[in-house]
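Asks:
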Amino acid sequence: MQSNGFVPQRTYSATKKIVFWSKVAILTLIVSYIIISLNRQEHDLRSVWAYWQAADWFSFSAFVLMLLTPLNWLLEALKWQILVRRVEPISLLEATQGVLAGLAMGFALPAQLGDTAGRLLSLRSDQRWQGIGAALVSGGMQFFAAVFFGTIALYFQLQSGVQDLSMAQWVLFYVLVALMGLAVLVAWQRHKLDGIQHTWFRRWEKYWAVASHYTVFELLLAFGAASLRYLTFSFQFYLALGIFGIHLPLRETATGIGLVYLGKTIIPAFNLLSDLGVREATSLYIFGQWQVPAPQILSATLTLWLFNILAPVFVGLFWVWKLKLSNN
28 MQSNGFVPQR TYSATKKIVF WSKVAILTLI VSYIIISLNR QEHDLRSVWA
78 YWQAADWFSF SAFVLMLLTP LNWLLEALKW QILVRRVEPI SLLEATQGVL
128 AGLAMGFALP AQLGDTAGRL LSLRSDQRWQ GIGAALVSGG MQFFAAVFFG
178 TIALYFQLQS GVQDLSMAQW VLFYVLVALM GLAVLVAWQR HKLDGIQHTW
228 FRRWEKYWAV ASHYTVFELL LAFGAASLRY LTFSFQFYLA LGIFGIHLPL
278 RETATGIGLV YLGKTIIPAF NLLSDLGVRE ATSLYIFGQW QVPAPQILSA
328 TLTLWLFNIL APVFVGLFWV WKLKLSNN
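Residue 28 is where the sequence shown starts when you use the numbering used here, and the numbers rise one by one after that.
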């Protein structure tokens, strides 16, 4: 039955408006920083394209970089398979389909909504919404891995004494250590989540309750998969740097990569083309301390985005279409 009257349009709350415009402001700052970095070194995007054309795409490094892309997402699928089996046992192929569908849907939808939706649609269980808890734990494991390795990189950065902002960096270091300690404590006391009687917690219990039932072995397996995936795309970053002629000592390279992914993890995501720009701006800032030319850094980071995000998204689009057909 249709209404003949006007339906009042839902307006954003003040909090949503603040969050939205904060993201717009940060995104503007990131894009501005990239442009300023290029102009400061008297380069433009044509320089980036020139490096792309000059790169040896038939080299062994380029071959390995491409080969590691499916391994990257296979490890993510393995992590998802380990965690979602508490809701519904699925094969590694089904887990991969759900992960790629989530990647494609997350390319446009806000926050982690698209990624979670794609994974849940791949499940056949009537209790698929309980998989939200599994998706949160999966994302939390990858977040923890990035913070863990990033904190180690930050420590080596502090020991090198390269930058003048050591006090602020030490504060960040101790904050990250405290957050990791808190995360471990929550994981250790996960079984007590069922005993929380607060109304707000009980209201959403069916979505996150699965997190309280994981064994230590399952959590360690999931963290192992997250760590291997982190090391995989970090090695891809190392290969991409070499392809575009960036050859720093191993310690500086590893530290820089760890700090880049730490920054990408803790900086708010915009999901504009899967947060394109955050990695680039962070890389320009981190590797700028070693006087690495901006076009080479941008060429390397855009290569990672093309191989690890854009290419799998096209595969994921097929599975999004399949999931829609099988669930209508």
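Every residue, glycine too, gets a C-beta built ideally from N, C-alpha and C. Keep in mind the model is a prediction, meaning the values are calculated, not measured.
When the cut-off is 8 angstroms and only beta carbons count, does Leu-203 lie next to chain C?
Replies: Here there is only one protein chain, and chain C is not present.
Asks: Can you tell me whether Ala-238 is buried or exposed, with buried defined as 16 or more other CB within 10 angstroms of its CB?
Replies: Answer is buried; the Cβ neighbour count reaches 16.
Asks: So which of Ala-308, Trp-317, Ser-261 and Gly-315 has the shortest CA-CA distance to Asn-335?
Replies: Measuring from the Cα of Asn-335, the nearest candidate turns out to be Ser-261.
Asks: The alpha helix (DSSP H) spanning Ala-82 covers which residue range?
Replies: Here Ala-82 belongs to no alpha helix (DSSP H), and DSSP marks it neither H nor E.
Asks: Quick one: is Val-213 buried, meaning 16 or more other Cβ sit within 10 Å of its Cβ, or exposed?
Replies: Classification of Val-213: exposed, given that the 10 Å Cβ count is below 16.
Asks: Between the stretch 75-82 and the stretch 236-250, do at least 3 Cβ pairs fall closer than 8 angstroms?
Replies: No, the stretch 75-82 is not in contact with the stretch 236-250.
Asks: In terms of residues, what are the limits of the alpha helix (DSSP H) holding Glu-121?
Replies: Start and end: 119-132.
Asks: Can the beta-carbon of Ala-128 be found less than 8 angstroms from the beta-carbon of Leu-148?
Replies: In contact: Ala-128 and Leu-148 (Cβ atoms closer than 8 angstroms).
Asks: Inspect the beta-carbon positions of Gly-145 and Ala-122 and report whether they are closer than 8 angstroms.
Replies: No. Outside cutoff.
Asks: Quick check on this structure: which residue in Ile-179, Gly-208 and Ala-321 has the alpha carbon closest to the alpha carbon of Arg-73?
Replies: Checked all of Ile-179, Gly-208 and Ala-321; the closest Cα to Arg-73 is Ala-321.
Asks: I'd like to check one pair, Thr-330 with Phe-183: are the Cβ atoms closer than 8 angstroms?
Replies: No, they are not a contact pair.
Asks: Once the 5 residues before and after Glu-279 are set aside, which same chain residues still bring their CB inside 7 angstroms of it?
Replies: Cβ neighbours of Glu-279 beyond the five flanking positions: Trp-317.
Asks: For a minimum of 4 consecutive residues, which ranges assigned as the alpha helix (DSSP H) are wholly contained in the stretch 155-222?
Replies: Listed in chain order, they are 158-187 and 193-215.
Asks: What is the DSSP secondary structure of Gln-318, reduced to helix, strand or coil?
Replies: Here Gln-318 sits in coil by DSSP.
Asks: Could you give the distance in angstroms between the alpha-carbon of Phe-90 and the alpha-carbon of Trp-215?
Replies: Cα-Cα distance, rounded: 42 angstroms.
Asks: Going straight from the alpha carbon of Leu-209 to that of Leu-203, what length do you get?
Replies: Approximately 10 angstroms, taken between the alpha carbons.
Asks: Helix, strand or coil: how does DSSP classify Leu-277 here?
Replies: Helix, per DSSP.
Asks: Would a C-beta distance cut-off of 8 angstroms place Thr-292 and Phe-170 closer than the cut-off?
Replies: Their beta carbons are under 8 angstroms apart, which means Thr-292 touches Phe-170 by this criterion.
Asks: Quick check: what's the CA-CA separation for Arg-306 versus Arg-256?
Replies: About 17 angstroms.
Asks: Is Phe-271 helix, strand or coil by DSSP?
Replies: In this structure, Phe-271 counts as coil in the three-state DSSP scheme.
Asks: According to DSSP, is Arg-73 helix, strand or coil?
Replies: If DSSP states are grouped into helix, strand and coil, Arg-73 belongs with the helices.
Asks: Using a threshold of 8 angstroms, state whether the C-beta atoms of Ala-115 and Arg-151 are closer than that.
Replies: For clarity, residue 115 is Glu in the given sequence; the question names Ala instead. Yes, these two residues count as a Cβ contact at 8 angstroms.
Asks: Residue range of the alpha helix (DSSP H) that Val-91 falls in?
Replies: Counting along the chain, the alpha helix (DSSP H) containing Val-91 begins and ends at 87-111.
Asks: Classify Ser-310 as helix, strand or coil using the three-state DSSP reduction.
Replies: Three-state result, Ser-310: helix.
Asks: Alpha carbons only, please: which of Phe-175, Leu-268 and Met-194 is nearest the one belonging to Ala-205?
Replies: That would be Phe-175, whose Cα lies nearest to the Cα of Ala-205.
Asks: Return yes when the Cβ of Gly-315 is within less than 8 angstroms of the Cβ of Ile-179, no when it is not.
Replies: No, they are not a contact pair.
Asks: Under 8 angstroms Cβ to Cβ from Ile-313, same chain only, skipping five residues before and after it: list those, please.
Replies: So the qualifying residues of the chain are Gly-283, Leu-286, Val-287 and Gly-290.
Asks: Thinking C-alpha only, which one of Phe-341, Thr-242, Phe-345 and Phe-271 is nearest Leu-92?
Replies: Checking every option, the nearest Cα to that of Leu-92 belongs to Phe-271.
Asks: Among Gly-177, Val-243, Ser-193 and Gln-186, whose alpha-carbon lies nearest the alpha-carbon of Val-211?
Replies: Among Gly-177, Val-243, Ser-193 and Gln-186, the Cα nearest to that of Val-211 is on Val-243.
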